[in-house]
Structure formats: structure tokens, C-alpha cells
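Participant: This is the structure, below, for whatever I ask next.
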Amino acid sequence: MSTKNIRFFGMLKAGWLGLGLIAIPVTPLAITLAFALAIKPAAAQQEAPVNLLSIVSTPETDTPISIDQAIDKAMDGEGSEQRNASKDGLAPTVTPNNASNEAPTDGMTNMPAAEIATAGTAPLESPETQETRDKQDNAGPPGSDPSAEHDIYGSAKIGRRKISDVGLAAIGVGDTGNRQLDSLIWRGTSARDAVFLLQKAAVIGQSQVINDLAYEVVARQTIPPSGANNVAVELVEARLAFLANGGRSADLALLVAQLPEADKWTDWRRWLTEHYLMVRDDAAACEVVSRQITQTMDPFWHKSNVICQAVQGNFSGARFGVDILAANGIDDPIFFGLVDEVLNKTPPIQIDPTKLDSAHIVLMDVANRPIPLEGLAVLPKQMAETIIKLKFLGPDARMVSTYDGLRRGLITHRHAGKLWRNAGQGAGHAQLALARLDERADALTRALAWRALDADTQSDRLALVAKAFKAEIVAGNGAFMLPLYAELVRNALADEAVAANMRFDDLDVAPKMAFMLAINQPRDTSTLNAFAGNGAALKVSQLLRGLSDGAVDTAVINSLKLWHMLPILEVTGVTIEDQSWLDLVKGETEPKQAFVGLPPLLLKAVTAAAQSRHVAETILLANWLMHDLPLDKANPADLAAVIRALDMIGQNEVAKGFAEEIIVAHLLQRLAAMVPDGTQS
Numbered sequence: 006m007s008t009k010n011i012r013f014f015g016m017l018k019a020g021w022l023g024l025g026l027i028a029i030p031v032t033p034l035a036i037t038l039a040f041a042l043a044i045k046p047a048a049a050q051q052e053a054p055v056n057l058l059s060i061v062s063t064p065e066t067d068t069p070i071s072i073d074q075a076i077d078k079a080m081d082g083e084g085s086e087q088r089n090a091s092k093d094g095l096a097p098t099v100t101p102n103n104a105s106n107e108a109p110t111d112g113m114t115n116m117p118a119a120e121i122a123t124a125g126t127a128p129l130e131s132p133e134t135q136e137t138r139d140k141q142d143n144a145g146p147p148g149s150d151p152s153a154e155h156d157i158y159g160s161a162k163i164g165r166r167k168i169s170d171v172g173l174a175a176i177g178v179g180d181t182g183n184r185q186l187d188s189l190i191w192r193g194t195s196a197r198d199a200v201f202l203l204q205k206a207a208v209i210g211q212s213q214v215i216n217d218l219a220y221e222v223v224a225r226q227t228i229p230p231s232g233a234n235n236v237a238v239e240l241v242e243a244r245l246a247f248l249a250n251g252g253r254s255a256d257l258a259l260l261v262a263q264l265p266e267a268d269k270w271t272d273w274r275r276w277l278t279e280h281y282l283m284v285r286d287d288a289a290a291c292e293v294v295s296r297q298i299t300q301t302m303d304p305f306w307h308k309s310n311v312i313c314q315a316v317q318g319n320f321s322g323a324r325f326g327v328d329i330l331a332a333n334g335i336d337d338p339i340f341f342g343l344v345d346e347v348l349n350k351t352p353p354i355q356i357d358p359t360k361l362d363s364a365h366i367v368l369m370d371v372a373n374r375p376i377p378l379e380g381l382a383v384l385p386k387q388m389a390e391t392i393i394k395l396k397f398l399g400p401d402a403r404m405v406s407t408y409d410g411l412r413r414g415l416i417t418h419r420h421a422g423k424l425w426r427n428a429g430q431g432a433g434h435a436q437l438a439l440a441r442l443d444e445r446a447d448a449l450t451r452a453l454a455w456r457a458l459d460a461d462t463q464s465d466r467l468a469l470v471a472k473a474f475k476a477e478i479v480a481g482n483g484a485f486m487l488p489l490y491a492e493l494v495r496n497a498l499a500d501e502a503v504a505a506n507m508r509f510d511d512l513d514v515a516p517k518m519a520f521m522l523a524i525n526q527p528r529d530t531s532t533l534n535a536f537a538g539n540g541a542a543l544k545v546s547q548l549l550r551g552l553s554d555g556a557v558d559t560a561v562i563n564s565l566k567l568w569h570m571l572p573i574l575e576v577t578g579v580t581i582e583d584q585s586w587l588d589l590v591k592g593e594t595e596p597k598q599a600f601v602g603l604p605p606l607l608l609k610a611v612t613a614a615a616q617s618r619h620v621a622e623t624i625l626l627a628n629w630l631m632h633d634l635p636l637d638k639a640n641p642a643d644l645a646a647v648i649r650a651l652d653m654i655g656q657n658e659v660a661k662g663f664a665e666e667i668i669v670a671h672l673l674q675r676l677a678a679m680v681p682d683g684t685q686s
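Residue 455 in the numbering used here sits at position 450 of the sequence shown, and the numbers go up by one each step.
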């Protein structure tokens with residue numbers, strides 16, 4: 006065989022290894038596929054025209070290139086000089102020309118993961134240490150020949166491991182939309198500490214803005230923390246688990262798609278395939294499936310192939326796949342029945358919801374069959390965002406999945422309102438919906454109560470709105486449900502009978518509704534003026550506008566009895582006019598407030614990390630710190646320390662948003678206290 010052909014097959018093997026296909030057993034099918042690939046260029050395999058001028062020729066050499074040298078050529082671009090140095094047992098000398106001290110810029114977030122990985126994150130070793138380690142790692146079994154060829158083989162293996170591991174740690178989303186985060190957020194934090202923080206901070210906290218920031222940090226493509234090559238797998242697993250716990254399916258899919266094709270990530274590849282199918286990205290799903298069915302007889306992949314053939318319109322291929330599964334003894338009557346529905350338009354089969362699995366959910370959506378609420382129970386929490394995009398959810402499933410998405414911050418309140426209004430037939434009577442909410446408060450009864458109130462046309466319906474929203478506040482859901490209930494009030498004001506009731510305050514509801522609207526949109530004073538008894542609401546409007554504008558009148562604070570919010574206002578830079586504080590103390594009796602301090606050691610860790618400008622570390626610690634204590638119960642002085650820490654690491658917008666969340670939490674408790682218990686408000 007000529008030297009060119011030997012080189013070609015060496016590069017062919019390198020390409021296959023790069024694709025993770027080295028686990029394919031040497032069978033006639035594999036050999037046939039190898040020769041088919043050898044004689045047919047990649048573009049031609051996809052029936053695309055091949056530009057022969059684009060194929061770069063390889064210079065002739067006197068000796069055949071080894072397989073491992075071909076792998077090195079395929080996986081890195083270090084140049085022949087460095088590989089020759091490795092062959093001679095010499096470590097490359099790092100000079101200012103090849104190891105710049107300049108900090109990487111934000112633009113590195115768009116670099117491929119492997120390029121980011123080689124940007125100086127792994128610690129350098131002395132030539133003597135590296136040479137000793139190379140000799141130890143490259144030592145063959147007893148009796149082997151320690152020749153130069155074996156040395157090249159061992160050196161190639163070590164290089165691939167380091168590049169692969171650090172590159173794995175650098176996977177992520179190129180642009181998360183936060184311009185206040187750069188690629189150096191892990192600077193100063195070790196990889197092992199990063200793993201610890203990711204595991205501890207993987208919670209849905211009390212602050213939505215800190216939660217969202219933490220998800221951005223975890224999803225973002227960055228320079229990995231120091232020592233990432235030693236714990237790359239653990240680091241990636243912790244990041245995936247963090248995003249999964251938050252139901253962040255979209256970001257999770259972007260990360261999983263970058264994982265290597267190794268057995269360790271098989272479960273994640275399965276999840277990715279189902280995610281793609283559920284969001285109707287059939288091309289991406291079927292690309293993954295087409296690779297897997299050539300490597301395994303796992304029924305999951307061959308069932309997925311049947312679905313792929315069906316959604317791509319290849320019904321004969323789908324039927325053939327079904328026959329193969331049946332011939333291999335696969336017993337899944339729900340799967341076969343749903344496939345028969347899709348392919349042959351047979352009448353719908355009876356399905357036991359308790360026996361559904363994720364493949365059935367995909368097929369039900371393909372078959373345009375409503376997916377019941379019980380079907381959502383079989384889907385993992387990392388599917389939370391995916392579920393919202395299913396087109397054929399049953400009414401109850403739609404209500405619950407939307408509520409869950411709203412609670413997790415995955416969708417906006419406008420999107421949630423549209424989904425709830427379009428879910429199922431009939432909204433039910435508002436009084437009955439609230440009675441069910443009193444009896445059993447869960448995601449379904451909460452969503453149904455809002456929908457019933459939205460459909461209610463009675464002139465006194467805002468009294469029921471006040472009662473339902475108080476239930477949400479007491480349950481800790483007031484902040485994310487506030488925009489939806491404020492929308493009900495604004496929509497109701499279009500009814501002249503309701504507007505007249507609010508102007509004359511016949512039911513003593515107007516002050517409460519105005520207070521709610523002031524918290525939701527403090528700058529909409531024209532609407533507030535349409536309510537009787539709006540004095541407190543106007544003060545709330547002034548306070549929240551002052552927080553945004555940077556100045557608050559002490560009379561407003563005094564009127565609302567919110568002196569305990571002074572630490573929050575001061576740390577955000579709000580100007581408070583100088584007062585005779587002693588005279589204020591003499592003239593006013595400040596209400597006693599019982600607050601719970603944040604864990605002091607954890608709080609100290611947050612402030613210390615911020616002082617050291619450890620950005621990711623500070624954010625994850627803050628998310629961990631705020632995971633269980635409601636904002637209205639936490640000591641404002643401790644919360645002010647968290648705001649200060651966020652400011653110190655450059656997260657000014659998040660710091661302001663967090664301050665607003667704290668004040669809103671206290672105002673919502675004030676609103677709940679205005680609504681008496683019982684059916685009347």
C-alpha cells in the first residue's frame with residue numbers, strides 16, 4: 006500500500022476515534038462501513054457535491070505515519086516541533102511568546118471549548134517533573150520494548166487526556182445575555198471548591214434575581230476554574246445537576262450536546278433526544294438517534310428510531326423498525342398501539358396513565374393525543390421547561406406545568422396567562438374555585454382559581470381577587486403571582502360597574518386593589534387615582550419610585566412604618582434627607598420587628614468572596630444563603646450585606662433587583678394583613 010493510502014487510513018481511524026466510535030466491535034458491517042467511508046468523501050456521503058480542490062494534500066514522508074501520530078494531528082495543532090520534543094522526552098519551554106500574561110477578554114466566550122481549555126488554566130510543571138511523570142505513565146507492561154515508538158504512543162495518550170478533560174470542563178452557553186459577566190468569573194476559585202459550591206447551591210432560592218444569575222453563571226462558557234483538568238467529569242456533572250434541578254431544559258440541552266460520545270454520558274444523550282423530540286427539533290433528535298442505532302441494540306434507541314422515521318414521514322421505515330422490535334421480544338403495548346395510531350390512523354387505544362413513560366409522552370404529542378396530568382409525573386425535573394413546549398397537554402397538565410414554569414422563572418406572567426386562558430373548556434365558577442383552593446392548595450387549584458377569576462364577570466369579583474391573592478402571599482407565592490393578579494384588576498376596571506365600585510369603595514376593596522397595583526407598577530399613578538382610599542397606595546408608589554430614582558422622603562418611610570428597611574435603602578445608595586432622628590424617636594413609636602439572622606458563617610463566606618472578587622463563588626454562595634428563609638423574615642442588615650457583596654463583584658443591576666424584591670416582600674405582607682380572613686374582604 007502506498008504511503009498516501011497508509012496516511013489516509015491513519016487519519017480515518019483518528020477521525021473515528023474523535024467521534025467516539027472506537028467502541029464499535031470489528032464486524033463485517035463495521036468493516037464495510039469503514040471501506041465505504043474510505044472511498045467516499047464525507048460530503049458525498051450526504052449526497053452533496055464535493056469540491057476536490059478543498060481537499061488539502063499531505064506532503065510525502067519517507068516513513069509511514071503511525072496511527073497515534075495521526076490521532077495527535079487530528080486532535081491538536083501544536084506543530085511538529087512540539088511533538089518532536091515530546092518524542093525526545095523534553096517538555097516544551099514556556100516563554101512570554103507562547104504564554105501571554107494578558108488577561109483573556111470577554112470575546113473568549115465565543116471560542117470553542119477546546120481552545121478555551123488551553124488558555125492557561127492547567128498548572129505548569131517543571132521539565133524535570135513532567136519528564137518523570139511521562140516516563141512513569143508511558144512505562145509498558147513487564148517485558149515490553151521501551152522504544153521511541155512506545156514513547157510516542159504514551160505521550161499522545163497523555164496529551165489527549167489533558168486536552169479532553171479541560172475541554173470538557175469548558176463547555177457552556179456562549180452568550181447568556183448578561184453583559185456584567187465575563188469569561189473570568191471562576192478566577193480565584195479552585196475546581197474542587199466549584200464542585201462543592203455547585204452541589205450546595207443547586208436550590209430554588211427565595212430571590213428570583215439571584216437564582217437567575219446563578220443559572221447564568223453555571224450555564225455560561227468560561228475559562229474553567231483552576232485544576233479543572235483533575236475533576237473535569239465531576240465539575241460537568243455538578244453543573245448539569247444544578248441546571249436540571251432548576252428545570253432549565255434549554256441551557257441544559259446546549260451543554261449536553263457538547264458532551265463527548267462516551268458511555269458515561271449515555272443517560273444524558275437519552276434525555277437530550279427526548280427533549281429534542283418534545284420541542285419538535287426532529288432533525289437534531291434523529292441525528293443523535295442515527296448514530297446510536299449503529300452502535301447498540303438498546304431498545305430505547307430503536308424505539309426512538311421508529312419515532313424519528315414516523316415524524317420524518319418515512320412510514321415504511323417506521324413499520325420496519327416496529328417489526329424488528331417485535332421480533333426481538335420487546336413487550337410495550339402502549340408504544341406499539343400509539344405507533345399504530347400514528348402510522349395507520351387506527352382508533353385511539355385505552356391508556357393506563359400510571360404505565361406511561363417518556364417515549365409514550367413523545368408519541369402522544371406526535372399523535373395529537375392530550376397528555377394527562379399523571380403523565381407529567383414520569384418526566385424528570387430537568388424537563389420542566391421542555392414540558393411547557395408540548396403542544397398537546399391535557400387541560401390539567403397545561404395548568405400545572407405552566408404554574409411550575411412560572412414558579413421557576415421559566416416563563417413570563419403574560420405567557421402564563423395566555424396558556425391558562427386557552428387550556429380546556431370552561432373556567433368554572435369563581436366561588437367554587439376558591440372553595441377548592443381553601444380545601445386543597447396545590448398548583449392545579451391555584452391555577453384554576455386564577456382562571457375562574459379571569460372569566461368571572463360579576464361586578465363584585467375584585468373582592469374574590471383580594472381573597473385569592475392573600476392565599477398566594479401566605480403560601481409564599483405572592484411575588485411571582487403578583488403580575489397575574491394585578492392584570493385581573495386592570496382588566497376588570499374596563500367594566501364600568503367594577504370601576505364605579507372602586508371609585509365609591511362600596512365593598513371596602515378599593516384600598517387593597519390600589520395597594521396591589523402600586524406594588525406591581527408604581528409609576529402608573531393615573532390608575533391609582535381611580536381608586537377610593539388610595540393614600541397608602543400612593544405612598545407605596547413613592548417609595549418604590551424613590552428606590553429606582555435614588556431618593557426617598559422620610560415621610561413616606563414613616564407613613565408606611567418601614568424604618569426597618571433603612572439598611573436596604575442605604576446600601577443601594579438611596580438618598581434620605583437628614584433628620585433630627587432623636588425627635589423622630591420621641592414622636593413615633595416604632596413597631597417591634599422580629600427577624601431571623603442569616604447563617605453567620607455562610608454570610609461571612611459571601612462577603613469574603615466578594616472582597617476577593619471571586620465572582621462565581623460569591624453568586625453561588627449567595628444563592629445557597631438565600632435558599633430557605635423568606636425575604637420578609639430575614640434580618641435586613643444581613644440582606645444589606647448580600648446587596649453590598651453583589652455590588653462589589655459588579656452585579657449592580659442584580660443588587661438593585663434584589664433590594665426591590667426585599668421591599669416588595671414586606672409590602673406584600675402588609676397587603677395580606679389588610680385582607681381579613683373568611684369569605685369577605
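Glycine residues also receive a C-beta, built at the ideal position from the N, C-alpha and C atoms.
State the DSSP-derived secondary structure class of residue 489, mapped to helix, strand or coil.
Facilitator: Correct three-state label for residue 489: helix.
Participant: Taking 7 Å as the cut-off, is the beta-carbon of residue 514 closer than that to any non-hydrogen atom of the ligand SAM?
Facilitator: Within the structure as shown, the ligand SAM is missing, as the structure has no ligands at all.
Participant: In the structure shown, what three-state DSSP assignment does residue 398 receive?
Facilitator: Residue 398: strand per DSSP, three-state reduction.
Participant: So is residue 586 buried or exposed if we call it buried at 16+ other beta carbons inside 10 Å?
Facilitator: Exposed.
Participant: Report the option in 580, 462, 271, 603 whose CA atom is closest to the CA atom of residue 502.
Facilitator: Comparing Cα-Cα distances from residue 502 to each of 580, 462, 271, 603, the minimum goes to 462.
Participant: Could you check if residue 518 is buried or exposed, using at least 16 other CB atoms within 10 Å of its CB as the buried criterion?
Facilitator: Flag for residue 518 reads buried.
Participant: Judging by CA-CA distance, which residue of 486, 428, 485, 481 is the nearest neighbour of residue 460?
Facilitator: Of 486, 428, 485, 481, the residue nearest in Cα terms is 428.
Participant: According to the neighbour-count rule (16 or more other Cβ atoms, all chains shown, within 10 Å of its Cβ), is residue 202 buried or exposed?
Facilitator: With 16 or more other Cβ atoms within 10 Å, it is buried.
Participant: Straight-line CA distance for residue 344 to residue 368?
Facilitator: Each residue's alpha carbon lies about 7 Å from the other.
Participant: What residue range is occupied by the uninterrupted alpha helix (DSSP H) comprising residue 687?
Facilitator: Summary: the structure shown does not reach residue 687, with the chain confined to residues 6 through 686, and so no result is reported for it.
Participant: Does the Cβ of residue 672 have 16 or more other Cβ atoms within 10 Å, making it buried, or fewer, making it exposed?
Facilitator: Buried.
Participant: Near residue 114, which residues of its chain fall below 6 Å by C-beta distance, leaving aside the five closest residues on each side in sequence?
Facilitator: Reliability of the predicted coordinates at residue 114 is poor, the pLDDT of 39 falling under 50, and the value obtained from them is presented with this limitation in mind. Around residue 114: 179, 188, 226.
Participant: For residue 664, collect the residues of the same chain with a Cβ closer than 6 Å to its Cβ; drop the 5 residues on either side in sequence, then sort them by chain order.
Facilitator: Excluding residues within five positions, the ones whose Cβ falls inside 6 Å are 573, 577, 648.
Participant: Can you tell me whether DSSP reads residue 580 as helix, strand or coil?
Facilitator: Of the three classes helix, strand and coil, the one that applies to residue 580 here is strand, per DSSP.
Participant: Let me make sure I understand the geometry here. Which of 233, 543, 599 has the alpha-carbon closest to that of residue 638?
Facilitator: Ranking the options by Cα distance to residue 638, first place goes to 599.
Participant: Are the C-beta atoms of residue 246 and some chain D residue less than 8 Å apart?
Facilitator: Structure shown: chain D not included; a single protein chain is present.
Participant: Let me check one thing: in DSSP terms, what residues is residue 209 bridge-paired to?
Facilitator: For residue 209, which the question treats as bridged, DSSP gives no partner whatsoever.
Participant: Using only the alpha-carbon positions, how far apart do residue 229 and residue 612 sit?
Facilitator: Those two C-alpha atoms are separated by around 23 Å.
Participant: Rounded to whole angstroms, what's the CA-CA distance from residue 584 to residue 252? Just pull it up for me.
Facilitator: Whole-angstrom Cα-Cα distance: 49 Å.
Participant: Taking 8 Å as the threshold (C-beta atoms), are residue 533 and residue 525 in contact?
Facilitator: No, these two residues do not count as a Cβ contact at 8 Å.
Participant: Hey, would you say residue 477 sits closer than 8 Å to residue 486, going by beta carbons?
Facilitator: The answer is yes: Cβ separation under 8 Å.
Participant: List, from N- to C-terminal side, the alpha helix (DSSP H) runs of 4 residues or more that fit wholly inside the region 615-651.
Facilitator: Entirely contained in the region 615-651, the alpha helix (DSSP H) runs reaching 4 residues are, in chain order, 620-630.
Participant: For residue 444, report the span of its alpha helix (DSSP H) as first-last.
Facilitator: That run of the alpha helix (DSSP H) goes 435-444.
Participant: Of all the alpha helix (DSSP H) runs that stay within the bounds of the region 241-281, which reach a length of 4 or more residues?
Facilitator: Within the region 241-281, the complete alpha helix (DSSP H) runs of at least 4 residues are 254-261.
Participant: Are residue 2 and residue 666 closer than 8 Å when you measure CB to CB?
Facilitator: Limits of the chain in this structure are 6 at one end and 686 at the other, which puts residue 2 out of reach.
Participant: Have a look at the DSSP bridge pairing and note the partners of residue 293.
Facilitator: Residue 293 is not bridged to any residue.
Participant: Residue 188 by DSSP, collapsed to three states: which one?
Facilitator: Residue 188 falls in the coil class under three-state DSSP.
Participant: How many Å lie between residue 233 and residue 247 at the Cα?
Facilitator: Approximately 17 Å, taken between the alpha carbons.
Participant: Do you know offhand how far residue 110's Cα is from residue 495's?
Facilitator: With a pLDDT of only 38 at residue 110, under the threshold of 50, the placement of this residue in the model should not be trusted, and no figure is reported.
Participant: List the DSSP bridge partners of residue 376.
Facilitator: According to DSSP, which records beta bridges pairwise, residue 376 is partnered with 398.
Participant: Among 514, 554, 550, whose alpha-carbon lies nearest the alpha-carbon of residue 530?
Facilitator: With distances taken between Cα atoms, residue 530 lies closest to 550.
Participant: Is the Cβ-Cβ distance between residue 391 and residue 283 less than 8 Å?
Facilitator: Yes; because the gap between Cβ atoms is below 8 Å, this pair is in contact.
Participant: Taking residue 307 as part of the alpha helix (DSSP H), name the residues at either end of that continuous run.
Facilitator: 304-316 is the extent of the alpha helix (DSSP H) around residue 307.
Participant: I need the DSSP call for residue 564, collapsed to helix, strand or coil.
Facilitator: Residue 564 falls in the helix class under three-state DSSP.
Participant: Cα separation between residue 581 and residue 557?
Facilitator: Cα to Cα, residue 581 sits roughly 6 Å from residue 557.
Participant: I need the boundaries of the alpha helix (DSSP H) containing residue 546, first residue and last residue.
Facilitator: Taken as a continuous stretch (DSSP letters only), the alpha helix (DSSP H) holding residue 546 covers 540-554.
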